[in-house]
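Residues 1 to 308 in full-length UniProt numbering are what the sequence shown lists, from first letter to last.
Just so it is clear, CB atoms sit at the ideal spot from N, CA and C, and this is done for glycine as well.
Step one of this worksheet: look at the structure below.
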Amino acid sequence: MQTTLKIGTRGSPLALAQAHEAQARLMAAHGMPVEAFEVVVISTSGDRIQDRPLAEAGGKGLFTKEIEEALLARRIDIAVHSSKDMPTVLPDGLELSAFLPREDARDAFVGKAAKTIAGLPQGARVGSSSLRRQSLIRRMRPDLEVVMFRGNVQTRLRKLDEGVADGTILAYAGLKRLGLENVITDLMPLDTFPPAPGQGAICIESRVGDLDVERMLTAIHDVPTGQALACERAFLAALDGSCRTPIAGHATISGGTVFFAGLIISPDGSQSHEVRAEGPAQDAARIGEDAARTVRARAGEKFFDGWA
């Protein structure tokens, strides 16, 4: 294969940190020098559209479309993504070839008016662009005003400093990767504030049949993370999940068993349905699909009317 491996990524500080983590793991696994890589920054529609929620603009694919086009056109060799940004259906000819070891999947609260959501004054404003986070905030505190917060981590923190909101919620994993753990005032428990499917995991996308690349990525693929994500993504896919639907799901692998917890919640936070499942890790995708069927049956089709 060519001497330079081109890594496609978005240009935010977090996206670049993730691309360089993938590069460092490939360098260590294969004894490759830094000169063997080129990080190619690609602007995506999701980065450019900042004036409205992703749900209105077209969903999660906005963060991957242009990068995937570059991959199919062979302008890059691999693409590094946040797993939670990945649609459940990929373009023909592309596949998720590797997952790096998962970081902590919890959400983190960054508060200005109080250190916790519970401690915020009546009617305080919390900024978030995620429908899942908005719904969970409203479930916890129906009195709070949830305001739309788009932009990368640094942009959201700046908006907080400017007083646009009294607090915001960000992925703990992203803050850790950026060395910004010091801004966190509270960590949200997994059981009451479950994460987005894929949260905290970096995935690498490549072309189907590119065997040289596939061999390289196999060396850095983390099997338990891949199994957990297979379960979560199957749950999401079976519920037709996108940025238009408030869905949470988190799987862990222990002793060859997958343990999964999923949740669907109405946008106003007033109704929610949870599901738990477990089984052999090699059946992770099936377990995720079955969990989706269970929670859909429990909620009833009318639960999704008007918002899914």
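Restricting attention to Pro195, Gly119, Ala291, Val258, the CA atom closest to the CA of Ala237 is found in Ala291. The residue among Ala113, Ile117, Arg150, Pro121 with its C-alpha nearest the C-alpha of Leu131 is Arg150. Out of Leu170, Gln199, Pro197, the CA that lies nearest to the CA of Thr185 is found in Leu170. Taken in chain order, the unbroken stretches of alpha helix (DSSP H) that lie wholly in the region 153-227 and span 4 residues or more are 153-161, 172-177, 211-218.
Beta-bridge annotation (DSSP): Thr44 is not paired with any residue. Taken atom to atom, the span from the alpha-carbon of Glu214 to that of Ser97 is near 7 Å.
Taking a C-beta distance under 8 Å as the contact criterion, Arg139 and Ser272 qualify as a contact pair. Straight-line spacing of the CA atoms in Arg298 and Glu274 works out to 9 Å. Burial check for Thr64: the Cβ neighbour count within 10 Å reaches 16 or more, so the residue is buried.
In the structure shown, Arg276 falls within a strand segment according to DSSP collapsed to helix, strand and coil.
If you look at Val89, you'll find it isn't in any alpha helix (DSSP H); DSSP assigns it neither H nor E.
In the three-state reduction of the DSSP assignment, Arg106 falls in the coil class.
Excluding the 5 residues flanking it on each side, Gln122 has same chain C-beta neighbours closer than 7 Å at Asp143, in chain order. The three-state reading of DSSP puts Arg296 in helix, counting H, G and I together.
Looking from the CA of Pro13, the closest CA among Glu162, Lys6, Leu178 belongs to Leu178. Here Gly111 is bridged, per DSSP, to Gly167. Val258 and Gln227 have their C-alpha atoms spaced approximately 8 Å apart. One thing to note: Gly167 has its Cβ within 8 Å of the Cβ of Val110. Relative to Pro189, the option among Ile137, Met32, Ala17 whose CA is nearest is Ile137. In the same chain as Leu90, and ignoring 5 residues on each side of it, the C-beta atoms closer than 8 Å to its own belong to Glu68, Leu96, Glu205, in chain order.
Shown here, Arg150 sits in coil according to DSSP, grouped into three states, outside any helix or strand. Leu236 carries a helical assignment under DSSP once its states are collapsed to helix, strand and coil. The three-state reading of DSSP puts Leu120 in coil, since its state is none of H, G, I, E or B.
When beta bridges are read from the DSSP output, Thr64 appears opposite no residue. For Ile265, DSSP records a beta bridge to Ser272. Beyond the five residues adjoining it in sequence on each side, Val40 comes within less than 6 Å, by CB distance, of Lys6, Gly8, Ile76 in the same chain, given in chain order. Residue state for Ser83 is assigned as helix, using DSSP reduced to three classes. Short of 6 Å from the beta carbon of Thr116, and not among the five residues preceding or following it, lie these beta carbons of its own chain, in chain order: Asp186.
In the structure shown, Leu96 adopts extended strand secondary structure according to DSSP, grouped into three states. Assigned with DSSP and collapsed to three states, Ile76 falls in coil, not helix or strand.
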